[in-house]
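446 is the number of the first residue of the sequence shown in the working numbering; add one for each residue after it. Glycine residues also receive a C-beta, built at the ideal position from the N, C-alpha and C atoms. The structure presented is a predicted model; accordingly, all values stated were derived computationally and were not measured. Below: one structure, written as structure tokens.
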Amino acid sequence: MHVIILGAPGAGKGTQSEEIVKHFDLKHLSTGDMLRAEIEAGSELGLAAKTVMDKGELVSDKIILGMVESQIRNSGKGMLFDGFPRTTVQAEGLDKLLKSLDSGIDHVVLLDVDNEEIVERMLARGRDDDNEETIRNRLEVFNNQTAPLVEYYRDQDKLSTVVGSGSVEEIFARVQKVLAS
Ligand code: B4P
């Protein structure tokens, strides 16, 4: 089973992903975590990504698709895609790659959280890219570049919307229902 968790920045994708991979025995692929690991390692890719991430913009599709390809090809088990895809180009790239492996996406879970709650959560988290100006820009980038994926996956009949507020356990119970169906 391959699953995508979709949602605005700070909607809780990373938080729910930890529960999902444990429960459904999936491999967790988080492009945000991969980019932060590159930054930590001081690689050329990391340096370029940091400038973009600190502004709340998206790292280029070419870099992201290049970064995930070998992980997907060599995964050998079901995957949970967290924070990827974030653009239509990335979604089409993922579909093409999975198709070449005779596979495809089974479920897309959209975590739906109110913008003001998102801003509060991220200010409380306080990561490098969690200041108010960057957060507002990330929300705008989400609306412009990532929200079209909702229609993309709804058209494929794969999208389920889950209310993303409440406790982590309550939200996971909703996600579990969707994935078990
Ligand atoms: P990501 O790392 O994907 O992170 P995110 O969207 O900010 O957070 P997420 O939704 O995972 O929220 P979390 O669980 O942490 O992206 C960071 C940046 O990387 C992007 O802005 C972009 O620049 C770049 N990037 C990543 N992938 C890319 C791609 N594919 N293409 C281009 N660029 C890419 O939760 C947030 C906070 O809320 C946490 O503090 C958490 O503890 C709290 N929280 C979670 N659930 C809660 C709940 N139920 N109640 C209260 N608080 C909760």
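Answer with buried or exposed for Gln-629, where buried requires no fewer than 16 other C-beta atoms within 10 angstroms of its C-beta. Nothing can be reported for residue 629, as the shown portion of the chain is limited to 446 through 626.
Have a look at Val-558, Asp-559, Leu-594 and Ile-563 and flag the residue whose alpha-carbon is nearest the alpha-carbon of Gly-538. In the sequence shown, residue 538 corresponds to position 93, counting from 1. When only C-alpha atoms are compared, the closest one is Leu-594.
My parser needs the beta strand (DSSP E) runs of 3 or more residues fully inside the stretch 489 to 552; what are they? 524 to 527
Do Lys-522 and Val-553 have their beta-carbon atoms positioned less than 7 Å apart in this structure? For this step, residue 553 is matched to residue 108 along the sequence shown. For this step, residue 522 is matched to residue 77 along the sequence shown. Contact: no.
Since His-468 contacts Asp-551 with CB under 8 Å, what's their CB separation in whole angstroms? Residue 468 sits at position 23 when you count from the first residue of the sequence shown. Residue 551 sits at position 106 when you count from the first residue of the sequence shown. His-468 to Asp-551, Cβ: 15 Å. No contact.
What is the rounded straight-line gap between the Cα of Gln-461 and the Cα of Arg-572? Against the sequence shown, residue 461 aligns to sequence position 16. Against the sequence shown, residue 572 aligns to sequence position 127. Straight-line Cα distance between these residues: approximately 18 Å.
Between the CA atoms of Ala-453 and Asn-589 - distance to the nearest angstrom: Counting from one through the sequence shown, the residue named residue 589 turns up at place 144. Counting from one through the sequence shown, the residue named residue 453 turns up at place 8. When rounded, the distance between both Cα atoms is 11 Å.
Any heavy atom of the ligand B4P within a distance shorter than 6 Å of the CB on Gly-650? Here the chain comprises residues numbered 446 to 626, so residue 650 is not present and cannot be evaluated.
At which residues does the alpha helix (DSSP H) containing Val-564 begin and terminate? Stepping through the sequence shown from its first residue, residue 564 is reached at position 119. Segment 560 to 570, the alpha helix (DSSP H) holding Val-564.
I need the straight-line Cα distance from Arg-481 to Thr-591, nearest angstrom please. Position 36 of the sequence shown holds residue 481. Position 146 of the sequence shown holds residue 591. Roughly 20 Å separates the two Cα atoms.
From which residue to which residue does the alpha helix (DSSP H) around Thr-606 run? Within the sequence shown, residue 606 is the residue found at index 161, counting from 1. It is not in any alpha helix (DSSP H) - Thr-606 instead sits in the beta strand (DSSP E) that spans 604 to 608.
Among Tyr-597, Ala-456, Thr-476 and Ala-618, which one has its Cα closest to the Cα of Met-524? Position 79 of the sequence shown holds residue 524. The candidate whose alpha carbon is nearest that of Met-524 is Thr-476.
Quick check on DSSP: helix, strand or coil for Asp-600? Along the sequence shown, one-based indexing puts residue 600 at 155. Note: Asp-600 maps to helix in three-state DSSP.
By DSSP, does Gly-455 sit in helix, in strand, or in coil? As a position in the sequence shown, residue 455 is number 10, starting the count at 1. Note: Gly-455 maps to coil in three-state DSSP.
Cβ pair Thr-533, Asp-506 closer than 7 Å: As a position in the sequence shown, residue 533 is number 88, starting the count at 1. As a position in the sequence shown, residue 506 is number 61, starting the count at 1. No, they are not a contact pair.
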